[in-house]
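Chemist: Submitted below is the structure of interest, expressed as structure tokens.
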Amino acid sequence: MGNRPLDTQFLDRAIEFAVHAHAGTERRGKGFPYIIHPLEAMVIVSTMTSDQEILAAAVLHDVVEDTDITIDEIQKRFGDRVAQLVDSESDRKMEFTDWRARKEESLNRLSFASREEKIVALGDKLSNMRAIARDYTTKGDDSFWEMFHVKEKAVHSWRYHALVEALSSLSDTYAFQEFRYLVNSIFPEAKP
274 MGNRPLDTQF LDRAIEFAVH AHAGTERRGK GFPYIIHPLE AMVIVSTMTS
324 DQEILAAAVL HDVVEDTDIT IDEIQKRFGD RVAQLVDSES DRKMEFTDWR
374 ARKEESLNRL SFASREEKIV ALGDKLSNMR AIARDYTTKG DDSFWEMFHV
424 KEKAVHSWRY HALVEALSSL SDTYAFQEFR YLVNSIFPEA KP
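So the number in this note's numbering is just where the residue sits in the sequence shown, counting from 1, plus 273.
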């Protein structure tokens with residue numbers, strides 16, 4: 274009469290793969306293992322879906338962007354759907370040298386993305402926004418933005434308000450509501 278055990282073999286393999294892929298790397302000067310971020314993104318995604326392929330894509334979302342692993346390897350190990358979801362969240366650094374142009378292209382893609390792609394993206398962006406909110410609260414406005422490649426708060430404000438708009442079709446989720454709240458808390462000024 275007890276609960277049937279949940280089959281998590283697919284997700285377990287994705288978590289293990291991500292742990293190995295990010296082994297030995299640190300989250301941008303934070304002093305903790307990089308894998309914490311993809312795991313947090315996966316936990317956020319789990320508040321919106323129990324689909325193991327979407328959860329796997331969330332934990333794998335930075336593997337192609339930040340390691341030597343290719344999208345073809347993700348496809349071979351985890352299938353077409355996971356590879357497509359990971360690819361949709363991977364930054365196209367090679368195609369753009371200008372940060373703003375790269376972010377505009379990414380925002381444009383996200384605006385037309387499927388709900389599944391937006392769920393994976395929201396997991397990533399909310400994890401990032403939580404880190405920004407924690408660090409910003411501790412460091413304050415003066416020195417905080419110096420740790421980024423782009424140091425102008427107004428540019429980050431533009432990007433995060435645009436992300437809220439691009440992800441607004443997920444407004445029925447707690448994750449989106451938290452994301453919007455944090456963006457408006459850190460960037461209360463009008464959208465630039």
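Beta carbons: idealized from backbone N, C-alpha and C, even for Gly. Bear in mind that the values here come from a model prediction, so they are computed numbers and not experimental data.
1. Do S430 and E462 have their C-beta atoms closer together than 8 Å?
2. Name the residue from E289, I344, I392 and M402 whose alpha carbon lies nearest to the alpha carbon of F452.
3. From which residue to which residue does the alpha helix (DSSP H) around M402 run?
4. According to the neighbour-count rule (16 or more other Cβ atoms, all chains shown, within 10 Å of its Cβ), is H422 buried or exposed?
5. Should A287 go down as buried or exposed, given a rule of 16 or more other Cβ atoms within 10 Å for buried?
6. Hey, which unbroken runs of the alpha helix (DSSP H) at 4 residues or more fall wholly within the stretch 341–384?
7. Three or more beta-carbon pairs under 8 Å between the stretch 312–328 and the stretch 353–363, yes or no?
8. When the Cα atoms are used, what is the spatial distance from A331 to S444?
9. Where do the ends of the alpha helix (DSSP H) carrying E299 lie?
10. Go through its chain and collect everything with a Cβ distance to P465's Cβ below 7 Å, but skip five positions before and after it.
11. Please tell me whether, using a cut-off of 7 Å, the distance from the CB of A331 to the nearest non-hydrogen atom of the ligand GDP is below it.
12. Tell me where the alpha helix (DSSP H) around S458 begins and ends.
13. If we count the other Cβ atoms within 10 Å of its Cβ and call it buried at 16 or more, is S441 buried or exposed?
14. At which residues does the alpha helix (DSSP H) containing R277 begin and terminate?
15. Just checking my contact of E299 with Y307 at CB under 8 Å: how many whole Å lie between their CB atoms?
Modeler: Judging by the given coordinates:
1. yes
2. M402
3. R388 to K412
4. exposed
5. buried
6. 344–351, 353–362 and 372–384
7. yes
8. 19 Å
9. First-last for E299: undefined, no H or E at that position.
10. Residue confidence is low: P465 scores 48 on pLDDT, short of 50, so the model does not pin down where it sits. Its coordinate-derived value is still stated next. Cβ within range, chain order: A427, S430 and W431.
11. Summarising the ligand content, the structure contains no ligands, and the ligand GDP is consequently not present.
12. Y447 to I459
13. exposed
14. From DSSP, R277 is part of no alpha helix (DSSP H); its letter is neither H nor E.
15. 6 Å
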